[in-house]
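Taken in sequence, the protein lines are chains A and B. Using the working numbering, the first residue of the first sequence is number 121, and each one after it goes up by one. Using the working numbering, the first residue of the second sequence is number 1130, and each one after it goes up by one. Cβ atoms here follow ideal geometry from the backbone N, Cα and C, with glycine treated the same way. As the structure is a computational prediction, the values presented were derived from the model and not from experiment. Contents: one structure, followed by commentary.
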Amino acid sequence: MPHDGHDHLSSSGHPFRKDNDTPLTYWQLMEISVRELMITKGEFSSTEINKQIEIMDARTPANGSALVARAWSDPEFKKRLLKNGAEAARELGFDIGPMHLIAVENTEHVHNLIVCTLCSCYPRNLLGFPPDWYKTKEYRSRAVKEPRSVLEEFGLVLPAEINLRVHDSTADMRYIVLPMRPKWTHEMNENDLARLISRDSMIGTSIIGSNP
Amino acid sequence: MNERKPGQSWHDMGGSSFGEIPKEDHDFAIWEKRVDALLVLSSAKGHFTVDGLRRALEDMGENAFENMTYYERWISAINQNLIEAGVYTIQELGDKMAEVKQRGQTYGSAQGGEA
């Protein structure tokens, strides 16, 4: 759906959500009804729902970037991250839940790409909601069959001599790509490094480029 | 070639050759975020697991994948699991949907939840 921008403000001073002004759909009606039934039945409160939305909203690719920047800056942390991704992420205070998290490292010889062919499994605790394209049948089907042409659609032409490894996620096991640190960043501190690290570089559809 | 092998379900997409990847993205609407929260909280209550969600999603079939949005499929699957778990009945859902529908023509006017 189109982004409404900020050119129309409601009386409260906040932008109108366009989505709320379109005719009520059957599935929205179901969402409202299920939510209210659950509250009436005492399963959870509206406060808990709002809280959960806040938790999810706070999960953005910046979490993953902080993790990668730490790994780039601290060789011992990087070892722990590659050995047990979930434990290393918890060290930085990220709630990973019960799932396994495997960090896969890009090197001069290996590039990694993550996908979920069966559904939409994604390291959402570290990267937030997945981009829509990650959930499309086009990405899911082709990432494991013709990953190099998929990468080219994202503007990344991978030299033939680089091995490309594609990792298929499951409900219980999520992957995150540890991008390769560019040499020109060798003097940068952890905070500045984190700002360089994009969401797509942690999915594997992008790399950290040359000095801008 | 998008022919499936015997026993391969529609959702098992790996290896097919669908077309160019659409790059459009969207900000999630509040109703979609609420669906997401309903899944997390219902699972935390032990009413069903992510496998239960996926079973319902996969049973919807390929048409649902083409014709419904992501969170439309999710709320349908969550609802199915909650009814199966006996949290509420299909009659209660029907009554509630009829009640909510009377509140207004838009999501904003029908959404409730502020109290």
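Supposed close pair residue i, residue j - CB separation, criterion 8 Å
i: A/Thr288; j: B/Gly1136; result: The sequence given here has Asp at residue 288 of chain A, not Thr. Wrong, their Cβ atoms sit about 18 Å apart, outside the cutoff.
i: B/Val1169; j: A/Gln172; result: 5 Å
i: A/His224; j: A/Arg285; result: Strictly speaking, residue 224 of chain A in this sequence is Val, with His absent from that position. Their Cβ separation, rounded to whole angstroms, is 7 Å, which keeps A/Val224 and A/Arg285 in contact under 8 Å.
i: B/Arg1202; j: B/Ala1193; result: 6 Å
i: B/Glu1187; j: B/His1140; result: 5 Å
i: B/Asp1154; j: A/Pro251; result: 5 Å
Neighbour-count burial assignment, residue i, 16 or more Cβ in a 10 Å radius
i: B/Lys1162; result: buried
i: A/Asp320; result: buried
i: A/Ile323; result: buried
i: A/Pro279; result: exposed
i: A/Gly205; result: buried
i: B/Asp1256; result: What is shown of chain B runs 1130 to 1244, which leaves residue 1256 of chain B out entirely.
i: A/Tyr242; result: buried
i: B/Gln1231; result: exposed
i: B/Gln1234; result: exposed
i: A/Glu163; result: buried
i: A/Gln148; result: buried
Sub-8 Å separation of residue i and residue j beta-carbons
i: A/Ile169; j: B/Val1229; result: no
i: B/Phe1147; j: A/Lys199; result: no
i: A/Leu157; j: B/Lys1225; result: yes
i: A/Glu273; j: B/Glu1149; result: yes
i: A/Tyr295; j: A/Ile216; result: no
i: B/Met1189; j: B/Ser1172; result: no
i: A/Leu187; j: A/Leu212; result: yes
i: A/Leu298; j: A/Ala191; result: yes
i: A/Leu144; j: B/Ala1239; result: yes
Residue of the options minimising C-alpha distance to residue i
i: A/Ile175; options: A/Pro218, A/Ile159, A/Arg244; result: A/Arg244
i: A/Ser326; options: A/Ile159, A/Leu276, A/Glu307, A/Ala291; result: A/Leu276
i: B/Asp1180; options: B/Asn1210, B/Ile1204, B/Ser1138, B/Glu1195; result: B/Asn1210
i: A/Lys255; options: A/Leu246, A/Lys265, A/Leu238; result: A/Leu238
i: A/Thr290; options: A/Arg210, A/Met219, A/Thr167, A/Ala191; result: A/Met219
i: A/Glu266; options: B/Asn1196, B/Ser1145, B/Glu1221, B/Gly1237; result: B/Ser1145
i: B/Leu1167; options: B/Ile1207, B/Met1197, B/Gly1223, B/Gly1175; result: B/Ile1207
i: A/Asn283; options: A/Val230, A/Gly162, A/Ser240; result: A/Val230
i: B/Gly1094; options: A/Thr167, A/Tyr146, A/Ala209; result: Nothing can be reported for residue 1094 of chain B: it is not among the residues displayed for chain B, which extend from 1130 to 1244.
i: A/Arg210; options: A/Asn183, A/Leu233, A/Asn232; result: A/Asn183
i: B/Phe1157; options: A/Phe249, A/Leu144, A/Lys161; result: A/Phe249
i: A/Ser240; options: B/Ala1239, B/Leu1182, B/Ser1238, B/Ile1159; result: B/Leu1182
i: A/Glu307; options: A/Ala189, A/Lys161, A/Leu233; result: A/Ala189
i: A/Asn232; options: A/Lys203, A/Val264, A/Leu201, A/Phe214; result: A/Val264
i: B/Thr1218; options: A/Phe214, A/Glu196, A/Lys161; result: A/Lys161
i: B/Glu1241; options: A/Glu163, A/Thr167, A/Ser318; result: Checking the sequence, you will find Gly at residue 1241 of chain B rather than Glu. Per the Cα distances, A/Thr167.
Cβ neighbours of residue i in the same chain (closer than 8 Å, five flanking residues each side left out)
i: A/Ser193; result: Asn309, Glu310, Leu313
i: A/Tyr259; result: Val235, Trp253, Val270
i: A/Thr227; result: Met300
i: A/Arg262; result: Ser269, Val270
i: A/Arg315; result: Ser185
i: A/Gly329; result: Pro302
i: B/Ala1244; result: Because the pLDDT of B/Ala1244 is 41, which lies under 50, any placement of that residue in the model is unreliable, and the number read from its coordinates should be weighed accordingly. Result list for B/Ala1244: empty, nothing under 8 Å.
i: A/Ser165; result: Ile159
i: B/His1176; result: Asn1210, Leu1211, Ala1214, Val1216
Close beta carbons around residue i, own chain, < 6 Å, minus the five adjacent residues each side
i: A/Met150; result: none
i: B/Tyr1200; result: Glu1161, Val1164
i: A/Ala178; result: none
i: B/Thr1132; result: What sits at residue 1132 of chain B in the sequence shown is Glu, not Thr. Nothing listed; no residue qualifies.
Same chain, Cβ closer than 7 Å to residue i, neighbours up to 5 away in sequence not counted
i: A/Met293; result: Met219, His220, Ile222
i: B/Glu1191; result: Trp1139
Any chain E beta carbon closer than 8 Å to residue i
i: A/Glu156; result: Among the chains of the structure shown, chain E does not appear; the protein chains present are A and B.
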